[in-house]
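Visitor: Have a look at the structure that comes next, please.
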Amino acid sequence: MRGLGLTYPGPPPVTALRPCDLRIDRGEFVTIVGPSGSGKSSLLNIAGLLDTPTRGTYLLDGIDTAAADEAQRAALRSERIGFVFQSFHLLPHRSAQDNVELAMLYQSTPRRARSRRAAAVLTRVGLGHRAHALPTQLSGGEQQRVAIARALVAEPSLLLCDEPTGNLDTETASAILDLLDRLHEDGMTIAVITHDAQVAARGQRTITIRDGVLTDARPVR
1 MRGLGLTYPG PPPVTALRPC DLRIDRGEFV TIVGPSGSGK SSLLNIAGLL
51 DTPTRGTYLL DGIDTAAADE AQRAALRSER IGFVFQSFHL LPHRSAQDNV
101 ELAMLYQSTP RRARSRRAAA VLTRVGLGHR AHALPTQLSG GEQQRVAIAR
151 ALVAEPSLLL CDEPTGNLDT ETASAILDLL DRLHEDGMTI AVITHDAQVA
201 ARGQRTITIR DGVLTDARPV R
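Following full-length UniProt numbering, the numbering of the sequence shown begins with 1 at its first residue and continues without gaps.
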């Protein structure tokens, strides 16, 4: 990101993110902290191609996202970005495997391949034995593992996590963070938004944002 900023139109206009530079390298684990209303979610929405910045540039895997139309942005989002949220957003009447498979529907992945990949990624997050359970039959930690599996199944370049442990007890949250550590060790690029100092400490680098001003980021080369 170079000179990246976001202002919502008014009246009156609201500046959510002031012009900033940020580089996240491939394979890096970054945490982003700041008080409520500081601009963390705006930064995540831009990184996830959910919002378009009003100024500056954002390159994802070297691709200038500002030059992409909405269909191209949707394709980039589907193919290159995985999302994990505080709320699990699982379909309650579909199995864990079905929820993961649904993430591949828009990629024209053949049905057998969807099933095979979903089963493999559920095993990767330690839930292979619960693949056919409904979300209502899973604990909070297990539901978050399904959500992580859903985010990983398309083999994204970037995993964006917004308060991924916010709805979990301390022990379960620690297990989820251990899983993120293992994914990072496997080479996944991860950015986690958090209010929790213990979660922030898991990252290689912590970025602070306050009143839309981003600090502690390395200079962009």
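A virtual CB, placed ideally from N, CA and C, is assigned to each residue, including glycine.
Note that this is a predicted model, so its numbers are computed, not measured.
Along the chain, which unbroken stretches of the beta strand (DSSP E) at least 3 residues long are found entirely within the segment 90-175?
Guide: Counting whole runs of 3 or more residues, the segment 90-175 contains the beta strand (DSSP E) stretches 158-162.
Visitor: Taking the beta carbon of aspartate 69 as the centre, do at least 16 other beta carbons fall within 10 Å, making it buried, or is it exposed?
Guide: So aspartate 69 ends up on the exposed side.
Visitor: What first and last residue would you give for the beta strand (DSSP E) that runs through isoleucine 32?
Guide: It spans 29-33 - the beta strand (DSSP E) in which isoleucine 32 sits, taken as one unbroken run.
Visitor: I need the boundaries of the beta strand (DSSP E) containing arginine 210, first residue and last residue.
Guide: Looking at the DSSP string, the run of the beta strand (DSSP E) that includes arginine 210 is 205-210.
Visitor: Three Cβ pairs or more, each shorter than 8 Å: is that satisfied between the segment 42-49 and the segment 84-93?
Guide: As far as the Cβ criterion goes, the segment 42-49 does not touch the segment 84-93, which means the pair count is below three.
Visitor: Would you call glutamine 144 buried or exposed, if buried means 16 or more other Cβ atoms sit within 10 Å of its Cβ?
Guide: Per the 10 Å Cβ criterion, buried.
Visitor: Could you pull the DSSP bridge partners for phenylalanine 88 from this structure?
Guide: According to DSSP, phenylalanine 88 bridges with nothing at all.
Visitor: Please report the Cβ distance between methionine 104 and valine 153, rounded to the nearest whole angstrom; I am assuming they are in contact, meaning their Cβ atoms lie under 8 Å.
Guide: Right, the Cβ-Cβ distance comes to about 6 Å (below 8 Å), so this counts as a contact.
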